[in-house]
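In my numbering, the protein residues as written are 1302 to 1480.
As structure tokens, the structure follows; a few thoughts come after it.
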């Protein structure tokens, strides 16, 4: 999903401003996902010793969302159809990895790794209401989005590849006041 910034003002406290969110789970009890384009200035080994050498560039922790910032989730790209120990496939080549497993056990089976602090969460019907209000564009997820080496360009990149009016929005400045 792509967050749609308000045309009239920019809220500096809005953690979702120009965010790209990968929805991990969505049902009648709510939804949760990860913001894919919020790298932090923290090294992975500071919180998860042993994983730093395995993360995909940029090799920092990403802010997955505003909920439970003291928890970590790992996304991996896995080739093939088999799931190995410590890996749960989400879609295509993208899976969650058990960060309690030793990296030496998990990493030979994966092609990319990204670590997230926290996640984005929505109560029942909250996400649907936000989508209906125009706060989010729902777009197809691509494996490369989760592991881009240019996270600050991801929002515009995802918007540009759409075959509708969303592509037009990709050229808008981050701060509408600069328009």
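The beta carbon of each residue, even a glycine, is placed where N, CA and C say it ideally should be.
Everything numeric in this text was worked out from a predicted model, so none of it was measured.
Using C-beta distances below 6 Å, list every residue in its chain close to residue i, excluding the 5 sequence neighbours before and after it, in chain order.
i: residue 1316; result: 1367
i: residue 1417; result: 1335, 1363, 1365 and 1374
i: residue 1482; result: Nothing can be reported for residue 1482, as the shown portion of the chain is limited to 1302 through 1480.
i: residue 1428; result: 1332
i: residue 1328; result: none
Am I right that residue i and residue j are in contact with their C-beta atoms under 8 Å? What's the rounded C-beta distance?
i: residue 1337; j: residue 1323; result: 6 Å
i: residue 1282; j: residue 1377; result: Any question about residue 1282 goes unanswered here, given that the chain covers just 1302 to 1480.
i: residue 1395; j: residue 1332; result: No, residue 1395 and residue 1332 are not in contact; Cβ-Cβ is about 17 Å, not under 8 Å.
i: residue 1414; j: residue 1325; result: About 16 Å; that fails the 8 Å criterion.
Using a Cβ-Cβ cut-off of 8 Å (strictly less than) and excluding sequence neighbours within five positions of residue i, which residues of its own chain qualify?
i: residue 1359; result: 1340, 1450 and 1452
Would you mind stating whether residue i and residue j have Cβ atoms separated by less than 8 Å?
i: residue 1437; j: residue 1356; result: no
i: residue 1361; j: residue 1342; result: yes
i: residue 1409; j: residue 1352; result: no
i: residue 1387; j: residue 1444; result: no
i: residue 1440; j: residue 1459; result: yes
Output needed for residue i: all residues of its chain with C-beta closer than 7 Å, excluding positions within five of it in sequence on either side, in chain order.
i: residue 1463; result: 1440
i: residue 1419; result: 1364, 1365, 1366, 1367, 1368, 1369, 1370 and 1372
i: residue 1431; result: 1437
i: residue 1389; result: 1396 and 1397
i: residue 1442; result: 1323 and 1392
Next item on the list: Answer yes if the segment 1419–1434 comes into contact with the segment 1347–1355, meaning at least three C-beta pairs across the two stretches below 8 Å, and no otherwise.
Entry: no
Next item on the list: Could you say if the segment 1363–1372 and the segment 1383–1392 meet the contact criterion of at least three C-beta pairs nearer than 8 Å?
Entry: no
Notebook entry, point to check: Does the segment 1400–1409 come close enough to the segment 1448–1458 that 3 or more CB-CB pairs lie under 8 Å?
Noted result: no
Checklist line | Contiguous beta strand (DSSP E) assignments of at least 3 residues, all confined to the segment 1354–1426 | finding: 1368–1378, 1388–1392, 1395–1398 and 1413–1423
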